[in-house]
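A.B. asks:
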Ligand SMILES: Nc1ncnc2c1ncn2[C@@H]1O[C@H](COP(=O)(O)OP(=O)(O)OP(=O)(O)O)[C@@H](O)[C@H]1O
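In full-length UniProt numbering, the protein residues as written are 1 to 334.
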């Protein structure tokens, strides 16, 4: 059974800026026909570069925004026709530093929201204690939120999203900007919620996080779903055979274009290290020595380039992601 279904959703933002002489209308198309199926009890990851349309999708699913066209069901309920009913069944943590009364304690904040959500006064104390424990904030429950770290605030967002014991949870970049330990704690909490049978849709920029947590993933780019499936499906779709990394002296970024002109190169990028350049080449080639040889040839053909080191590795989810997104943005059929 699907807990979330999205059919051909489009979203256009229209705005008008008035100058003294005239009104200027602008249109931004954020979503260009999104389809999604998220199975009940699964953890689904929405990945994509900045501005791809992830937050717009989450806002539509959580009834904060209306789609311009298309249909959306959450927990079997039509989110456009019955937004109130959907709101009762979902939890939503959009994160960030705002959203709480800084001068109140975490406990008082949650009591306030429990009231707002219509949780019976007699049940509030127990429920607030439960979600504080789930978010590992029980021992800091009396502290004012203004003294909370980002990681603690993020956990408080998750605690709030759990107040109504929802079946479906939406987490928008839950570990964004957190240090590695705080991020690991959040991931552990998310894993616990999945084990408790919740359906979770999360957006993230971190590939290892998506790989660690998600059952299925969708990559969204420029308002379209580029690919949907397991991490293995994404790798198969990206057709990344091997990743070659070459350390050089004297290599120009232009060389990446030369490499990308080859049919067996999916994507090439260069970063500057202290006194060297590091070129990463994602190839369709499966044989590592052959792939290394090909890259070495292209680099050494360029004038004044010295190859210091060359090595290859198996592709990660991040490599598949980079190949898929760059392919979708450049519109190449490779
Ligand atoms: N309220 C708005 N008015 C106008 N344009 C908007 C609005 N909200 C989003 N957009 C535009 O819609 C597109 C998708 O934005 P969205 O926030 O959904 O992307 P995102 O994938 O969540 O990006 P990020 O990873 O940076 O959060 C962008 O081009 C953005 O500028």
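Glycine included, C-beta positions come from ideal geometry on N, C-alpha and C.
(1) Does the beta-carbon of residue 154 have 16 or more other beta-carbons within 10 angstroms, so that it is buried, or is it exposed?
(2) Consider the C-beta atom of residue 49 and the heavy atoms of ligand 1; say whether any pair is separated by less than 8 angstroms.
(3) Using DSSP bridges, identify the partner residues of residue 81.
(4) On the criterion of 16 or more Cβ atoms from any shown chain inside 10 Å, does residue 241 qualify as buried, or is it exposed?
(5) Mark residue 157 as exposed unless 16 or more other C-beta atoms lie within 10 angstroms of its C-beta, in which case mark it buried.
(6) Please determine if the segment 173-180 and the segment 197-217 are in contact, where contact requires at least 3 C-beta pairs separated by less than 8 angstroms.
(7) Between residue 251 and residue 277, which are expected to be in contact by the criterion C-beta below 8 angstroms, what is the C-beta distance as a whole number of angstroms?
(8) Going along the chain, which residues of its own chain have a beta-carbon closer than 7 angstroms to the beta-carbon of residue 161, five neighbours each way excluded?
(9) Based on DSSP bridge pairs, tell me the residues matched to residue 342.
(10) Cβ of residue 44 within 8 angstroms of any heavy atom in ligand 1?
(11) Quick test of your reading: residue 35 and residue 6, contact by CB under 8 angstroms. State the CB separation rounded to the nearest angstrom.
(12) Out of 62, 133, 189 and 295, which has the shortest C-alpha to C-alpha gap to residue 261?
(13) Please state whether DSSP places residue 262 in a helix, a strand or coil.
(14) Along the beta strand (DSSP E) that carries residue 295, what are the first and last residues, could you check?
(15) Measuring from the CB of residue 57, is there a heavy atom of ligand 1 at a distance below 8 angstroms?
(16) Among 147, 314, 293 and 141, which residue has its Cα nearest to the Cα of residue 307?
(17) Name the DSSP beta bridge partners of residue 189, please?
(18) Is residue 173 close to ligand 1? I mean its beta-carbon at under 8 angstroms from any heavy atom of the ligand.
(19) Under the criterion of a Cβ to heavy atom distance below 8 angstroms, does residue 13 qualify as lining ligand 2?
(20) What does residue 283 pair with, by DSSP beta-bridge criteria?
(21) Taking Cβ positions only, does residue 279 come closer than 9 angstroms to chain B?
(22) Measure the CB-CB distance between residue 243 and residue 283 and report whether it falls below 9 angstroms.
(23) Residues in its own chain within less than 6 angstroms of residue 259 by CB, not counting five upstream and five downstream?
(24) Can you find the residues in the same chain that come closer than 6 angstroms, C-beta to C-beta, to residue 215, ignoring five residues on each side of it along the sequence?
(25) Determine contact between the segment 23-37 and the segment 57-72, defined as no fewer than three beta-carbon pairs at a distance below 8 angstroms.
(26) Compute the distance between the beta-carbons of residue 19 and residue 25, then report whether it is under 9 angstroms.
(27) Assuming contact is defined by CB atoms lying nearer than 9 angstroms, are residue 189 and residue 135 in contact in what I supplied?
(28) Does residue 30 come out as helix, strand or coil in the three-state DSSP assignment?
C.D. replies: Result, derived from the coordinates:
(1) So residue 154 counts as buried.
(2) Flag set: Cβ of residue 49 near ligand 1.
(3) Secondary-structure assignment with DSSP links residue 81 through no beta bridge to anything.
(4) Residue 241 is classed as buried because its beta carbon has at least 16 other beta carbons within 10 Å across all chains shown.
(5) With 16 or more other Cβ atoms from the protein chains shown falling within 10 Å of its own Cβ, residue 157 counts as buried.
(6) Yes, they touch.
(7) At roughly 5 angstroms, the Cβ-Cβ gap stays under 8 angstroms, so residue 251 and residue 277 are in contact.
(8) Cβ contact annotation for residue 161 (same chain, cutoff 7 angstroms, sequence separation greater than five): 91, 92, 93 and 169, in chain order.
(9) There is no way to answer for residue 342, as the model of the chain reaches only from 1 to 334.
(10) Not so, every heavy atom of ligand 1 lies at least 8 angstroms from the Cβ.
(11) Taking a contact as a CB-CB distance under 8 angstroms, the pair residue 35 and residue 6 counts as one, their CB atoms being some 6 angstroms apart.
(12) Answer by Cα proximity: 295.
(13) DSSP places residue 262 in coil when its eight states are reduced to three.
(14) For residue 295, there is no enclosing beta strand (DSSP E); the residue is part of the alpha helix (DSSP H) that begins and ends at 288-301.
(15) When distances are taken from the beta-carbon of residue 57 to the heavy atoms of ligand 1, the shortest one is below 8 angstroms.
(16) Nearest C-alpha to residue 307 among 147, 314, 293 and 141: 293.
(17) Answer is none; residue 189 lacks a bridge partner.
(18) Yes, ligand 1 has a heavy atom inside 8 angstroms of this Cβ.
(19) Only ligand 1 can be found as ligands here, which leaves ligand 2 out of the picture.
(20) For residue 283, which the question treats as bridged, DSSP gives the partners 242 and 265.
(21) Although the question refers to chain B, the structure presented lacks it and comprises just one protein chain.
(22) Taking the C-beta atoms as reference points, residue 283 is found nearer than 9 angstroms to residue 243.
(23) If we look at residue 259 and ignore the five residues flanking it on each side, its Cβ neighbours are 265, 268, 281 and 298.
(24) Counting only Cβ-Cβ distances below 6 angstroms, and skipping sequence neighbours, we find 42 and 43.
(25) Here the segment 23-37 lies against the segment 57-72, with 3 or more beta-carbon pairs under 8 angstroms apart.
(26) With contacts defined by Cβ atoms closer than 9 angstroms, residue 19 and residue 25 do not form a contacting pair.
(27) Cβ atoms of residue 189 and residue 135: closer than 9 angstroms.
(28) DSSP, reduced to helix, strand and coil, places residue 30 within a strand of the structure shown.
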